[in-house]
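Worksheet: one structure, shown below.
Protein chains: 2
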Amino acid sequence: MLKYQHIAEEIENYIEEHKLQQGDKLPVLQDLMSQFEVSKSTVTKALELLETKGVVFQVRGSGIFVRRHKRKGYISLLSNQGFKKNLEEFQITSKVIQLDVRKPTTEAALNLNIGPDDDVYYVKRVRYIQGQPLCLEESYFNKSIVTYLNNEIITESIFNYITDGLGLNVGFSDMFLHIDKLTEEEAGYLGLEKGDPKLYVESIFHLTNGQPFDFSKVTYNYVQSQFFIQAVI
Amino acid sequence: MLKYQHIAEEIENYIEEHKLQQGDKLPVLQDLMSQFEVSKSTVTKALELLETKGVVFQVRGSGIFVRRHKRKGYISLLSNQGFKKNLEEFQITSKVIQLDVRKPTTEAALNLNIGPDDDVYYVKRVRYIQGQPLCLEESYFNKSIVTYLNNEIITESIFNYITDGLGLNVGFSDMFLHIDKLTEEEAGYLGLEKGDPKLYVESIFHLTNGQPFDFSKVTYNYVQSQFFIQAVI
DNA sequence: CAGTGGTCTAGACCACTAT
DNA sequence: TAGTGGTCTAGACCACTGG
């Protein structure tokens with residue numbers, strides 16, 4: 070673990086343990102430097118990390134303050150803001166509908182940057198949040214990168230397996246969001262009516278070296294869909 | 070303009086002018102350092118900025134590469150990714166429905182962190198994208214911060230006025246997203262049917278010193294609603 | 001004006017990639 | 001193993017806030 074990551078964690082824990090609220094002041098830079106016995110740049114780096122995560126905000130000439138919104142039960146749309154941690158709180162489960170190796174659709178081949186004859190793992194599953202259907206998910210994994218999948222893996226967290234099991238480094242993602250009406254098939258899986266609202270998200274996940282490895286199409290249940298984004302301007 | 074901001078701009082222009090595509094390689098750090106005659110940290114800072122904006126990605130041991138998705142016509146949900154620039158391309162106009170000074174609702178007072186007897190500017194307007202209704206927006210501005218508004222200002226960009234006209238420094242925002250069905254009133258403003266899908270977004274905008282100054286409730290037309298997010302993991 | 005965060009430097013050393 | 005980006009330091013100087 071890098072120094073600045075460690076410091077960021079410690080500060081986050083400190084906020085949690087002391088139940089600090091929006092606007093509460095943290096120790097000044099000088100104190101943090103001496104407490105952790107690192108240089109100013111390292112503390113600054115840690116604080117930048119926390120700032121993009123939406124945990125703190127810094128005011129020049131004044132201090133470092135806690136940033137914490139008051140609403141509960143929202144899922145973060147940005148993975149760098151603790152996507153996993155959020156989901157853990159919510160008890161996410163999955164039911165697998167389909168898993169096979171196949172040739173990609175034109176769309177999937179385009180987004181994964183592969184040829185029509187390259188193999189992909191196709192995964193279709195419904196995900197549940199505290200027992201209620203949250204979303205219908207169709208994913209295409211580039212098989213030359215994600216070399217193996219089975220039912221057990223995809224019932225749990227695919228991303229944990231990809232990072233811990235396969236040792237791949239996930240780098241960044243592009244997400245495209247649309248609002249639309251549910252088709253009859255989608256409504257069936259989500260326990261809703263045809264024509265009801267849906268949030269439809271297409272995501273392309275890349276490794277740190279820029280290679281796309283996962284193209285996913287996710288249809289969210291509008292009743293369960295509460296998301297938040299903390300942005301820095 | 071700070072050095073690292075300037076360098077970031079130059080690099081972005083370079084990518085634009087040379088029409089670089091996803092995966093194209095940029096000059097190495099050493100070259101950028103000597104070209105701009107700055108230290109390594111400053112170039113690094115500029116590149117970090119571009120990385121969070123989703124413009125480049127860096128691979129240790131390999132190089133700096135352009136990150137650019139292929140889809141056109143999507144609006145970025147993150148303002149640090151050039152929200153304004155995107156909107157400029159799209160010709161956004163507004164029709165004002167209501168503008169007055171009043172007492173806040175309980176909800177607005179809570180989110181703006183003010184008392185029930187403090188004054189707010191209330192703004193209700195429909196925003197159009199290339200002539201089509203994009204969203205219905207209701208905003209509450211803390212009048213002790215945003216001291217003056219008129220019809221002309223809110224027909225144009227309120228945020229330009231707040232930053233340039235009033236000299237306020239906008240810092241960060243919290244956004245809460247829901248999917249739901251349009252009410253009859255909303256449908257009327259957006260030219261849709263009651264019960265049609267909507268994206269509903271509540272935003273709280275803060276100054277750099279952490280003070281909330283704008284609480285906005287925005288209902289998006291689902292037909293026009295194409296958004297994207299570029300995330301770093 | 002004292003205190004606080006922000007920028008920038010020059011350089012050492014480390015970790016990863018490609019060949 | 002040469003080349004590339006990432007971390008970290010120590011310190012100078014700048015910009016802003018608040019009493």
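Sequences listed follow chains A and B, in order. Per our numbering, the very first residue in the first sequence carries number 70; after that it's consecutive. Per our numbering, the very first residue in the second sequence carries number 70; after that it's consecutive. Just so you know, even glycine gets a beta-carbon here, dropped at the ideal spot from N, CA and C.
The alpha-carbon separation between L181(B) and T252(B) amounts to approximately 26 Å. For I214(B), no CB of chain A lies under 7 Å from its own CB, so it is not counted at the interface with that chain. If you keep only unbroken beta strand (DSSP E) runs of at least 3 residues inside the stretch 124-193 of chain A, you get 125-128, 132-135, 161-171.
DSSP places T113(A) within a helical segment (H, G or I) once states are collapsed to three.
Out of L146(B), L116(B), K141(B), S148(B), the CA that lies nearest to the CA of V135(B) is found in L116(B). Using beta-carbon distances, L116(A) does not count as an interface residue toward chain B, since no partner is under 7 Å.
Proximity of L147(A) to chain B, defined by a Cβ-Cβ separation below 7 Å, is satisfied.
Here the alpha carbons of V239(A) and T232(A) stand approximately 7 Å from one another. By the rule that beta-carbons nearer than 7 Å mark a contact, N278(A) touches chain B.
Among the CB atoms of chain B, none fall inside 7 Å of the CB of A256(A). By the neighbour-count criterion, in which a residue is buried when 16 or more other Cβ atoms sit within 10 angstroms of its Cβ, G123(B) is buried. The C-beta distance from L168(B) to I223(B) rounds to 6 Å, short enough to fall under 8 Å. Under the three-state reduction of DSSP output, H247(B) falls in the strand class. Interface criterion not met: the Cβ of S208(B) is under 7 Å from no Cβ in chain A. E206(B) sits in a strand when the DSSP states are folded into three classes. Between T288(A) and E255(A), the C-beta spacing is below 7 Å. DSSP places Y73(B) inside the alpha helix (DSSP H), whose first and last residues are 72-86. In chain order, D243, M244, F245, L246 make up the part of chain B whose C-beta sits under 9 Å from the C-beta of F297(A). For S294(B), the residues of chain A that pass the 8 Å Cβ criterion are L246, H247, I248, in the order they occur in the chain. The beta carbon of Y269(B) sits no closer than 7 Å to any beta carbon of chain A. Within 10 angstroms of the beta-carbon of L246(A) lie 16 or more other beta-carbons, which makes it buried. In its chain, beyond the 5 residues on either side, L246, H247, I248, D249, K286, V287, T288, Y289 have a beta carbon closer than 8 Å to the beta carbon of Y269(B).
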